[in-house]
Every structure is written in C-alpha cells, then in structure tokens.
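To start, the structure itself, in structure tokens.
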C-alpha cells in the first residue's frame, strides 16, 4: 500500500502544474488540484469517505470541515508565499535573510499546529476520538503530500552552497 501511495504521488507530481508560479490567492485551489490529481477525489470527498461520515453527521461535519479549511487557508498561503520568496531570491539570499525565512516558516508551522489542536477538540465532539485522530492523520498526509510537491520545485540549499562555491572558484580563476 505504501508503494502504491508513493507511485500515485510521483505520477501526480510529474503531471501537476507548479504551485510556486501562481499567486498566493490561488494556493488553496492549487492544493485542492494537487489532492485531486493524487487521489481522484476532492478533499471533502476523501474525508467523508475515509471517516465514514454518515448522512446524519454530514451537515455538521461539512460545516466544521469548511470552517477548518477556511481558517487553514491563510497558513497555506503564507507558507507558499515564503517558499516563493525563497525560490525567487535563492541565488542572492544571505544568511540573515535565510534565517528570517526559516523562522517565519517555523512560526507558521507552530501556529498551524495550534489551529489543528483547536479543531481536534471540535472533531472529537463531532466524530469521537478515533475518527478525529483519523481526520488529522489524513489532513497531515495530504498536507505533507502537497508540501513534497512544492518542495520538489525548490532548489535545495546544499545545491545553492555548491553553486556559490563553484561561482567563487570560477571568479578566482578568471581573476588570476
């Protein structure tokens, strides 16, 4: 099953449109597109199916789900915005700017976990403890899949450092 998931992820990533080329207002739509490409269903359908939400539970669950997605959107948009800055300026990033970007990403992650904690309590009341845990397991899986997709388009920091060393070596050779 794990191999199948990774195969689906790899296939979808190779076919997906780059998220970082879009403005941050399209972040939620881009995330939904990635999820749909990976699993062939919307996020809402995946959650309802995976959690076996009954018709009686659906109205209240879908309201809570929509509220969660709406409150989550700014965190996703900010993360994509920070990664977009990194992607656009990576060649000229100095250590202080890299530090600021990294701190902002960590702060964003921490605040996102606080949002999840708040909604976890609400999901326990709606679905019970087991399905609330399953909700966040699926949410985290989809979030990580999306992050992997975005991260795949970014230059890796080690590549950046290697590139700088090569450029310095070439500059020194040209000077001498």
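Numbering (the numbering used here), first residue to last: 6 to 181. The beta carbon of each residue, even a glycine, is placed where N, CA and C say it ideally should be.
Counting along the chain, residue 75 sits inside the alpha helix (DSSP H) bounded by residues 63-94. Closest option to residue 79, judged by alpha-carbon separation, among 92, 114, 54, 51: 114. Non-local beta-carbon contacts of residue 83 in its own chain, meaning distances under 6 Å to residues more than five positions away in sequence, involve 113 in chain order. Going by C-alpha positions, residue 100 is about 10 Å away from residue 106. The alpha-carbon separation between residue 81 and residue 45 amounts to approximately 21 Å. Here the alpha carbon of residue 121 sits roughly 12 Å from the alpha carbon of residue 72. For residue 120, the uninterrupted alpha helix (DSSP H) run begins and ends at 100-132, by DSSP. Cβ-Cβ separation between residue 143 and residue 66: approximately 13 Å, too far for a contact (criterion under 8 Å). Residue 40 counts as buried, since at least 16 other C-beta atoms from the protein chains shown sit within 10 angstroms of its C-beta. By the neighbour-count criterion, in which 16 or more other beta carbons inside 10 Å mark a residue as buried, residue 102 falls on the exposed side. Each of 43, 180, 178, 152 was checked against the Cα of residue 87, and the nearest Cα belongs to 152.
Per DSSP, the continuous alpha helix (DSSP H) segment holding residue 51 begins and ends at 48-55. With respect to residue 147, residue 69 sits apart: the two C-beta atoms are not nearer than 7 Å. Note on geometry: alpha-carbon atoms of residue 63 and residue 54 lie some 11 Å from one another. Straight across, the Cα-Cα distance linking residue 111 with residue 145 is about 16 Å.
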